[in-house]
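Chemist: The structure follows.
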Amino acid sequence: MTPDLFADQPAEPTTEILSEGALLLRQFATAKAQDLLSEIRQITAAAPMRHMKTPGGHTMSVAMSCCGSWGWVTDTRGYRYQAEDPCSGAPWPAMPSIFADLARSAACAAGYPDFTPNACLINCYEPGAKMGLHQDKDERDLSQPIVSVSLGLPQVFQFGGLTRSERPIKIPLGHGDVVVWGGPSRLRYHGVLTLKAGAHSLTGPRRYNLTFRCAR
Ligand code: MD3
Ligand code: FE
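Numbered according to my numbering, the sequence shown terminates at residue 858, and the numbering increases by one at each position without gaps.
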């Protein structure tokens, strides 16, 4: 293979330690991207992307859906995991085996051999959408990591500390990049900056992010 000296993303998978317990696996999911996207299309045909409301009454700019035994939801009553899609009352679509296999192999590569996700949150960002700094702490077992998979347009990720006041570092996440967050990094504050307009050959004007969790 001829390396492209001018590519912004490495052509080959690489591994980078972000902090203790947090590993960035660049390009780890690239070869599987088309299959992952076709599963996202099938899941969102049954459980459509929706803009949920925060307990504070704001509508989130990111659209979300879920698959697996548990889905993450927010409404005026709060944040929680629940087994049914509130839009339909039906169970969330099953987690496709290529999702679970990818999440498990990424967790394994990062040193978490026992990860078995039972929830996958699917975020969809269009230009202008963002996610403010927050902690993921609605999961029962915080000894389990979270695995995140980015697809489509690049978006700048903010990686902070264990307190909101610690200044976050900015890391661009591109198509196929996977991050595993566990151990002492599991409760770090994080978010993503506003998505800039663009066009990706596989996703068009948007970015998807899958987060695999052990919800309960
Ligand atoms: C660091 N999603 O869904 S993924 C989320 O790009 C979420 O859609 C962002 O934050 C997105 O909750 C960021 C990266 C991520 C996910 C979970 C983490 C980073 C994390 C948990 C702990 C520390
Ligand atoms: Fe998060």
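All C-beta atoms in this analysis are idealised placements derived from N, C-alpha and C, irrespective of residue type, glycine included.
Ordered along the chain, which non-local residues of its own chain (more than five positions away) have a Cβ less than 8 Å from that of residue 694?
Modeler: Excluding residues within five positions, the ones whose Cβ falls inside 8 Å are 701, 702, 706, 715, 716, 717.
Chemist: Can you tell me the Cβ-Cβ gap for residue 676 and residue 654, rounded? I've got them flagged as a contact below 8 Å.
Modeler: About 19 Å; that fails the 8 Å criterion.
Chemist: When you compare the segment 826 to 846 with the segment 731 to 747, are there three or more beta-carbon pairs, one atom per stretch, that lie closer than 8 Å?
Modeler: Contact between the segment 826 to 846 and the segment 731 to 747 is absent, because fewer than three Cβ pairs lie under 8 Å.
Chemist: Please list the terminal residues of the continuous alpha helix (DSSP H) segment that includes residue 726.
Modeler: Where residue 726 is concerned, there is no enclosing alpha helix (DSSP H), given that its DSSP letter is neither H nor E.
Chemist: Output needed for residue 722: all residues of its chain with C-beta closer than 7 Å, excluding positions within five of it in sequence on either side, in chain order.
Modeler: Closer than 7 Å at Cβ, skipping near neighbours: 715, 780.
Chemist: How far does the alpha helix (DSSP H) with residue 768 in it extend, from its first residue to its last?
Modeler: No alpha helix (DSSP H) holds residue 768; DSSP gives it neither H nor E.
Chemist: If you draw a straight line from the alpha carbon of residue 656 to that of residue 667, how long is it in whole angstroms?
Modeler: So the two alpha carbons sit approximately 6 Å from each other.
Chemist: Short of 8 Å in beta carbon distance, which residues of its chain neighbour residue 844, apart from the five on each side in sequence? Order them along the chain.
Modeler: Once the five neighbours on either side are set aside, the close Cβ partners of residue 844 are 675, 676, 679, 793, 794, 817.
Chemist: Compute the distance between the beta-carbons of residue 770 and residue 737, then report whether it is under 8 Å.
Modeler: No, these two residues do not count as a Cβ contact at 8 Å.
Chemist: Say whether chain B places a C-beta atom closer than 8 Å to the C-beta of residue 847.
Modeler: Given the protein chain composition of this structure (a single chain), no chain B is represented.
Chemist: If you measure between the beta carbons of residue 791 and residue 852, is that distance less than 8 Å?
Modeler: A contact, by the Cβ cut-off of 8 Å.
Chemist: Residue 708 bridges to which residues according to DSSP?
Modeler: Note: residue 708 sits in a beta bridge opposite 763.
Chemist: Do you know how far the Cα of residue 712 is from the Cα of residue 805?
Modeler: Their Cα atoms are separated by approximately 28 Å.
Chemist: State the DSSP-derived secondary structure class of residue 746, mapped to helix, strand or coil.
Modeler: The answer is helix: DSSP assigns residue 746 an H, G or I state.
Chemist: Residues around ligand 2, please: the ones whose beta-carbon is closer than 6 Å to some heavy atom of it, in chain order.
Modeler: The filter returns 776, 778, 832, in chain order.
Chemist: Compute every distance between the C-beta of residue 741 and the non-hydrogen atoms of ligand 4, then say whether any falls below 7 Å.
Modeler: For ligand 4, the structure offers nothing, since it holds only ligand 1 and ligand 2.
Chemist: Please classify residue 799: does DSSP put it in a helix, a strand, or coil?
Modeler: Residue state, collapsed to three classes: strand.
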